[in-house]
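There are 2 protein chains.
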Amino acid sequence: MTKAVPADILSRLKAVLGDGGWSQDPERLAPKLLEWRDRWTGTTPFLALPKTTADVAAVVGVCFEAGVAITPQGGNTGLVGGQIPQGEILLSTERLGAIREVETFDDVIVAEAGVTLARVHEAAAAVRRRFPLGLASEGTATVGGVVSTNAGGTQVLRYGSTRSLVLGLEAVLPNGEVWNGLKHLRKDNTGYDLKQLLIGAEGTLGVVTAASLKLYPVLASRAVAMAGVPSPQAALHLLEQAKAEAGGAVEAFELMGRQGVDFALKNIPGTRDPLEEVHPWYVLAEFSSGEPGSAEAAMERFLTHGLEAGLIADAVVAQTDAQAKALWLIRENQSPAQKPEGATWKHDVSVPVSRVADFLDQATAAMLAFAPGSRIAGFGHMGDGNIHYDVLRPDGGDDAAHAARRDEGSRIVHDIVMSMGGSISAEHGLGSMKTAEAARYKSPVELHALKAIRAALDPKRIMNPRVLF
Amino acid sequence: MTKAVPADILSRLKAVLGDGGWSQDPERLAPKLLEWRDRWTGTTPFLALPKTTADVAAVVGVCFEAGVAITPQGGNTGLVGGQIPQGEILLSTERLGAIREVETFDDVIVAEAGVTLARVHEAAAAVRRRFPLGLASEGTATVGGVVSTNAGGTQVLRYGSTRSLVLGLEAVLPNGEVWNGLKHLRKDNTGYDLKQLLIGAEGTLGVVTAASLKLYPVLASRAVAMAGVPSPQAALHLLEQAKAEAGGAVEAFELMGRQGVDFALKNIPGTRDPLEEVHPWYVLAEFSSGEPGSAEAAMERFLTHGLEAGLIADAVVAQTDAQAKALWLIRENQSPAQKPEGATWKHDVSVPVSRVADFLDQATAAMLAFAPGSRIAGFGHMGDGNIHYDVLRPDGGDDAAHAARRDEGSRIVHDIVMSMGGSISAEHGLGSMKTAEAARYKSPVELHALKAIRAALDPKRIMNPRVLF
């Protein structure tokens, strides 16, 4: 457990932050101490609200000297408890809100940690550019948060995770020093890439205060289609065809089981069944291209071949943006649509793309044996091998009884994932939720190396001490 | 200086490697001790020729225990001295030559460190895939080498450096332990990404023994053109147009000054002047697409608009693969074509794309003031802001006199680069050549962090101790 923070340290923090720069008001703190799915609630003696990088450095400096722990928080959209303090100082980046620079020749935007992803999208659009990181939570998720968790989302297949989209970082390291690595460079081979270490470090190696992010051209053509498919195995073959037909133009290739589609139709207003008949699985594919008409042509070839080969039972192509949005609405609400259905064991796993179908088969057989009657919603980014595999209590079952078996059930799922060379956290991170699981599955060689790196950069372990390992 | 290696250590190394697994034969060693531009020659008491990862682990384990230093070497194509031992044990990866796996659903190839880049290309082509890392030295450069130096090349604009193309690594860490991180995963957020630290570490954090590399679809259309342009500033505007016209389809956007084209025409057999008239600068652009005809159409739009806007004076589009090859021949021989011209100061620098033209202006003015009559060949990957900026002695000048002023001249160039937020090594690395320069330009905060990481993973500093920092 975290030690109590001495009163003189709080006084020093108040002094360096000044009026408006901190809070101990329970009402101000409350929304920052509650995880949005209500899974974690936190406590903190002090909320730091730095306005500048120098403020952040001052806070971390005071805490480093005194050995006082800090939990950094962005938009509080994390799903693994990493941003919820348990007695630590809470450092919110919400006031680090400037977009410092937009440079179109460099195709770079420099945004501070507290800028939301949606604001980055708007700023990019204003100069006819695009920042290709899309999250359901983009109106709330912040730059500091997506960088610190290496966020994924729906466009990883084409553009990679956040890691691939960052050209430079500014961060306050655990000793309170400011590292200015805010470059606009596409190439820089001058030793270890420190930013790569901070990306996905979940705040354990310092506080990211700003990032240089890559911008891309606005695309001239886009095609979105939903296809009913007989099986994940068929979807796998379709994915290979899509990549071949569309070259680099496959923007998203998402898989959903019918159970999840049913939840969306039942619980999310405005959704409607995308195809006339009911299909066991659905593929939502999006192609895009810089060439007018090119994405549409590739989509037509793809669907025609898929229908001819019997890999697709039926399909619909969005004819308007509104229709495309309606198709995406079903996909993006796969998780929210589960909320009214009761207790669930959620898994954010990845396996090699070639093993997605095997994974779904094996995991579902194991879950139905372990928890008969469970309702299984498997969906996700098939193109990346990333499946959100959620096991809900039986219809009319008991929430508490289901929740009580979560760890045991998840262990079975994770064992299957690891037997396939997969990952127990594809895009959400480890946070405080999966530290024990990570310790179980990571090799001692790797754990030893990762801990040595952490100790080297944060010898007093003040940065988010409860998370990772 | 490196200490002499005790005889009993050499005996132990011979024992673990067995017959054929080592050499002390000067003739066998000679080609591995000479850098290809003859700039560095090395010495070593012992060449280790491990055949397996276990062999590598045994060698590193013996050396770690005894505190004996090791220099790893791949294809010996490095340009900054990092692979040339100065008294250390030389560990060559040449016998780690297996392609362990090619998986088309995962779009992954797993190759051992000693496999050449050309063999990776062949293996990819055999399954109708593509590994988009192209280097002039690809027939000799190896997987371990390109990973350890985060090699760049001509396709970074579209696909990123080697860092973006690696899905997993296997490596022997400095303590002799084997880290198996050979995943096929596109997404894995379970803590610090150890492979990112090893990529570009120039052998200082361990020996990369194998890599999982990303494969891409073979492309359906390709267009290559050479344009004569009035200035780098015009080229900058053209680059922005190319990105807008071609969406994600700009594969390469290279800039060359006439001086370098002249060297190629004079010294490289088979080259011919690409355009009727002489132009001060040339852009070599390559577009590609998964859609048949798409790249060609985008290229036509791009050239038409460029000519109309006065940004292009004249242009030629390759009509055949042979013509495309002929255009690339001029670009790829920019460096070899300099060799008969005498002493040169070479720089592998990057600046923000928006500053490339400024950099060329400022650097050339400074060089002509500092070394009047110098012949300046500036060329490179304009799309990445990466310029190879080479300053040759005056025609008929004295090689030794020019070489003697190299450090002073390079300092001027590097100071200009750094004043623009650039990098003194865009793609070649620091090696032993640029350690002092790196120490000069990196911030103390960053240097301190990087050294702490190195010490944490290699407490005895046995891995390539002369390089980086």
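Just so you know, the sequences run in chain order Z and U. Sequential numbering from 54 applies to the first sequence in this note's numbering. Sequential numbering from 54 applies to the second sequence in this note's numbering. From the three backbone atoms N, C-alpha and C, an ideal C-beta is built for every residue, glycine too.
Gly135/U and Pro84/U have their alpha carbons spaced roughly 15 Å apart. Residue pairing of His434/U in beta bridges, as defined by DSSP: Asn439/U. If you check the CB distance, Asp159/U and Pro405/Z come in under 8 Å.
Within 8 Å of the CB of Val406/Z, the CB atoms of chain U belong to Phe158, Asp159, Asp160, His237, Arg239, in sequence order along the chain.
For the stretch 420–440 of chain Z, the residues whose beta carbon sits under 7 Å from a beta carbon of chain U are, in order, Asp437, Gly438, Asn439. For Phe340/U, no alpha helix (DSSP H) run applies; the uninterrupted beta strand (DSSP E) run containing it begins and ends at 334–342, by DSSP.
For Ile506/U, the enclosing alpha helix (DSSP H) starts and ends at 497–510. Taking the Cα of Ala164/U as reference, the smallest distance to any Cα among Leu188/U, Val200/U, Asn439/U, Gly131/U is reached at Val200/U.
Annotation: Glu353/U has no Cβ neighbours in chain Z at a cutoff of 8 Å; minimum Cβ distance is about 11 Å.
Residues of chain Z whose Cβ lies closer than 8 Å to the Cβ of Leu226/U are, in chain order, Val498, Ala502.
Beyond the five residues adjoining it in sequence on each side, Gly259/U comes within less than 7 Å, by CB distance, of Ala224, Val225, Leu226, Pro227, Leu251, Met516 in the same chain, given in chain order. It is roughly 7 Å from the alpha-carbon of Gly313/U to the alpha-carbon of Phe432/U.
Proximity of chain U to Trp232/Z at the Cβ level (cut-off 8 Å) is accounted for by Ser496, Val498, Glu499, Ala502, in chain order. Three or more beta-carbon pairs drawn from the stretch 114–134 of chain Z and the stretch 186–202 of chain Z are found closer than 8 Å, and the two stretches are therefore classed as touching. Put simply, of Ala254/U, Ser476/U, Gly229/U, Phe522/U the residue whose alpha carbon is nearest the alpha carbon of Pro497/U is Phe522/U. Secondary structure at Tyr212/U: helix, using DSSP grouped into helix, strand and coil.
Below 8 Å, enough C-beta pairs join the stretch 279–294 of chain Z and the stretch 398–412 of chain Z to call them touching: three or more. Taking the Cα positions, His400/Z is about 51 Å away from Gly359/U.
Residues of chain U with a Cβ closer than 7 Å to the Cβ of Lys296/Z are, in chain order, Pro270. Taking 8 Å as the threshold, the shortest C-beta distance from Gly205/U to chain Z falls below it. Listed along chain U are Ala509, Leu510, each with a C-beta nearer than 7 Å to that of Ala505/Z. In the structure shown, the three-state DSSP call for Ala122/Z is coil. Taking the CA atoms as reference points, Leu318/U sits about 16 Å from Gly281/U. The three-state reading of DSSP puts Val406/Z in helix, counting H, G and I together. Within chain Z, no residue has its beta carbon less than 8 Å from that of Val260/U; the closest one is some 14 Å off.
Against Glu344/Z, the close residues of chain U are Ala299, Gly300, Ala302, Ser342, Glu344, Ser347, Ala350, Ala351, in the order they occur along the chain (beta-carbon pairs closer than 8 Å).
Going by beta carbons, Val155/Z and Val180/Z fall inside the 8 Å limit. With a cutoff of 8 Å on beta-carbon distance, His237/U and Gly256/U are scored as not near each other.
Taking a contact as a CB-CB distance under 8 Å, the pair Arg239/Z and Gly438/U counts as one, their CB atoms being some 6 Å apart. For the pair of segments examined, the stretch 303–312 of chain U was found to touch the stretch 417–435 of chain U: the number of CB pairs separated by less than 8 Å reaches three.
For Thr324/Z, the three-state secondary structure derived from DSSP is coil. Residue state for Glu293/U is assigned as helix, using DSSP reduced to three classes.
In the DSSP secondary-structure assignment, Pro270/Z is bridged to Arg182/Z. The distance from the Cβ of Leu268/U to that of Ala177/U is about 5 Å, consistent with a contact at the 8 Å cut-off. Per the DSSP secondary-structure output, Met279/U pairs in a beta bridge with Leu337/U, Val369/U.
Residues of the same chain with a CB within less than 6 Å of the CB of Val370/Z, apart from the 5 flanking positions on each side, are Ala278 in chain order.
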